[in-house]
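Numbering (this note's numbering), first residue to last: 1462 to 1728.
Glycine is no exception: its CB is placed at the ideal position from the N, C-alpha and C atoms.
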């Protein structure tokens, strides 16, 4: 395994084959992928990268001169990684980030997997998504008690699942491997989710795209599948019984979906 540290973002690469780049979600770090990435690496060359200010990339970027915005984060990821085109898999906030990268750096992305992601994360009258008040509450509570807020966010990801307690324990263990991101970066991530509308960008992509949703997800409701059809992309794959973290709760089903997509669509 190759490890890369500052001054660029931290990333690890394992396995051989078609390249796949994994981008984690809000408040997380690349360690969240560890078990799943090892399974994926049996078939592909898998790179897991920490977002700026997250995980081992916590001090990789000057947060005064480089705010945590969608464009700045995408630029940092692209500049940190080899120039070889890759299939980018983004989870949750990571899905928003890789979608923006595919829009602005088409030469770097040969396929896209949006896992528990939504091109318009916040719901509107004509688009399914999380309620704005949920993200507003996270933003407000972060300044009061960051750790408690992050724990509530973890609980929301497994809410209502039969094995939710076990999954929550796994999530807590993974996230506590590294210090939490700074407040400004957490707030920046919420701002990205609240204000990004990449529906047009998704509709205009000329590469293979796979959207994978869990039918029990409380953050990206499965109802978004109906709306995505209006963008002209392939119908999403739905994992029955999965919430917001299918790579932890349903790894085999997710691996099968990724394998099929990579075999059919990825050079």
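In the DSSP secondary-structure assignment, residue 1548 is bridged to 1481, 1572. In terms of Cβ geometry, residue 1555 and residue 1484 form a close pair [threshold 8 Å].
For residue 1672, the enclosing beta strand (DSSP E) begins and ends at 1670-1675.
Closest option to residue 1704, judged by alpha-carbon separation, among 1623, 1597, 1573: 1623.
DSSP places residue 1558 in the uninterrupted alpha helix (DSSP H) bounded by 1554-1565. Per DSSP, the unbroken beta strand (DSSP E) holding residue 1698 starts and ends at 1698-1700. In the DSSP assignment, residue 1679 falls outside any alpha helix (DSSP H) and carries neither an H nor an E. Residue range 1712-1726 is occupied by the alpha helix (DSSP H) that includes residue 1720. By the Cβ test, the segment 1492-1509 is not in contact with the segment 1531-1538, since fewer than three Cβ pairs between them sit closer than 8 Å.
Of the other Cβ atoms in all chains shown, 16 or more fall within 10 Å of the Cβ of residue 1641; this residue is therefore buried. For residue 1659, the secondary structure class from DSSP, reduced to helix, strand or coil, is coil.
Exclusion of the five residues before and after residue 1591 leaves 1582, 1583, 1584, 1680 as the residues of its chain whose Cβ lies within less than 7 Å of its Cβ. The shortest CA-to-CA distance from residue 1614 to any of 1639, 1647, 1718, 1509 is the one to 1647. Residue 1577 and residue 1566 have their C-alpha atoms some 22 Å from each other.
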